[in-house]
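Using numbering that gives the first Met the number 0, read the sequence shown as starting at 0 and increasing by one per residue.
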Amino acid sequence: MSQPLKGVGFAALGFALFSSHDVIIKALGASFSPIQIVFFSTLLGFPVATLLLMQDATKGTLIPKYPGWVAVRTMSAVSGAICIFYAFSVLPLSQVYAIIFASPLVITVLSIPILGEKVGIHRWLAVLMGLVGVIIVVRPGVQTLEFGHFTAMFGAASIAGSSVIMRRIGREERSVVIMLYPMMANVVVMGALLPFVYQPVAIDQLGGFLAIAVLGFLGGLCLISAYRNAEAAVVAPIQYSQIIWAVLFGALLFDEWPDFYTSIGASIIILSGLYVLMRESRAHASQNTPVLRTRTRLEAGGSFRIGTLIRMLKAEEDQE
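Now the structure itself:
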């Protein structure tokens, strides 16, 4: 099997695992607050992340080189986690994915002030097209906008902000700092809020929290293998396969069927995102390729960051 084809296979498997991860979030959301789900899934993901971070041989302390950027990124990750988990709990899977898929377009816009990226007319048109797609999905004035729609949009913006900041500081900030600060913030913030929303957890439900952590870990490993076997331009578009899983899982498990407008809006958003990826993959079309290099599926601070682990592994290979 050729390396690029292997990369596509790993990516498809990884995003399928992430979709299963989101289904469990939605199922648990019927009984638990997203605060409790984020807290336990992050807490159970800590041992794995710690073991992975023990491989980081970079000298230094846990004090950030860029405390301001790390603080903003941490707040984005924490707010993004709670917003996305809530949206999965109350909205159809296909609608949440459609809105989240707009995050590459927000990354394109944010890369201008944060990274100094120059965005041409083609990518601006893609951003406007994506905005039209989001409007079609949520249909303000036609259907009742739920709080979940707003949290999904805010979550997509948080994902974008966290990813762009990571692109700015990722090469100089220690991997341990990048990964541990959002996870610790999630545990501290959600732990402080937990007494107000806590519900007793049965053994099978505890298994659900553990499954979120395990599926996130396995999905992350698959994406690491994907990016090590194929170029980012080949792997990144596979993320949109999650909309297929969203439709299948939504129909089979939750009796959710995407309506005509959700399907049209999602298609427009996906095409816009693919066009941005295509433009960034062209030589000299983008100085920073912020969308193309956003390797983490959801920047929620609940598990290890894929791009950081790839960088750590590459550093180890260079030393050998």
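Where a beta carbon is used, it is the ideal one built from N, C-alpha and C, also for glycine. Note that the coordinates shown come from a computational prediction; the quantities given were computed from them, not determined experimentally.
What would DSSP say about residue i, mapped onto helix, strand or coil?
| i | result |
| --- | --- |
| Gln320 | This structure gives no information on residue 320, because the portion of the chain shown stretches from 0 to 319. |
| Ala29 | coil |
| Pro199 | coil |
| Arg227 | helix |
| Pro63 | coil |
| Lys5 | helix |
| Arg173 | coil |
| Gly119 | coil |
| Pro91 | coil |
| Met53 | coil |
| Ala101 | coil |
| Asp317 | Residue confidence for Asp317 is low, a pLDDT of 48 falling below 50, so the modelled location carries little weight and cannot support an answer. |
In the DSSP assignment, what residue or residues form a beta bridge with residue i?
| i | result |
| --- | --- |
| Gln142 | Pro139 |
Out of curiosity, what's the CA-to-CA distance linking residue i and residue j?
| i | j | result |
| --- | --- | --- |
| Asp258 | Leu124 | 26 Å |
| Val163 | Tyr180 | 17 Å |
| Phe38 | Ala191 | 10 Å |
| Lys25 | Asn185 | 19 Å |
| Ser40 | Ile269 | 29 Å |
| Ala245 | Gly59 | 42 Å |
| Asp203 | Ile23 | 12 Å |
| Gly115 | Gly206 | 45 Å |
| Gly28 | Phe253 | 12 Å |
| Thr293 | Ile111 | 16 Å |
| Gly79 | Phe149 | 12 Å |
| Gln2 | Arg227 | 9 Å |
| Val176 | Gln142 | 43 Å |
| Ala231 | Arg167 | 18 Å |
| Met152 | Ile98 | 6 Å |
| Ile211 | Ala15 | 13 Å |
| Met165 | Arg72 | 8 Å |
| Ala76 | Ala201 | 28 Å |
| Phe195 | Val187 | 14 Å |
| Met128 | Ile267 | 7 Å |
| Thr261 | Gly6 | 30 Å |
| Tyr274 | Ile113 | 22 Å |
| Leu43 | Leu209 | 6 Å |
| Gln94 | Leu214 | 22 Å |
| Ile120 | Ser285 | 12 Å |
| Pro46 | Phe216 | 11 Å |
| Ala225 | Ser240 | 15 Å |
| His20 | Leu50 | 21 Å |
| Ser271 | Thr288 | 16 Å |
| Leu291 | Arg281 | 11 Å |
| Leu243 | Phe17 | Correcting the residue type first, residue 243 is Ile in the shown sequence and not Leu. Approximately 12 Å between the Cα atoms of the pair. |
| Tyr96 | Val133 | 11 Å |
| Val126 | Lys64 | 33 Å |
| Phe320 | Val89 | The question about residue 320 has no answer here: the residues shown for the chain are numbered 0 through 319. |
| Trp256 | Phe248 | 10 Å |
| Val136 | Leu61 | 42 Å |
Does any CB atom of chain C fall closer than 8 Å to the CB of residue i?
| i | result |
| --- | --- |
| Val69 | Absent from the structure: chain C. Only one protein chain is present. |
**Q.** Stretch-stretch touch, CB-based, cutoff 8 Å, three pairs: the segment 63-71 with the segment 230-241
**A.** no
Q: Counting only runs of 4+ residues fully inside the segment 241-300, write out the alpha helix (DSSP H) ranges in chain order.
A: 241-253, 259-280
Q) Quick check: the segment 99-107 against the segment 154-163, are there 3 or more CB pairs under 8 Å? A) yes
**Q.** Inter-stretch contact (C-beta, 8 Å, three-pair minimum) for the segment 84-98 and the segment 30-37
**A.** yes
Q. Would you say the segment 217-228 touches the segment 2-10, given that touching needs at least three Cβ pairs under 8 Å?
A. yes
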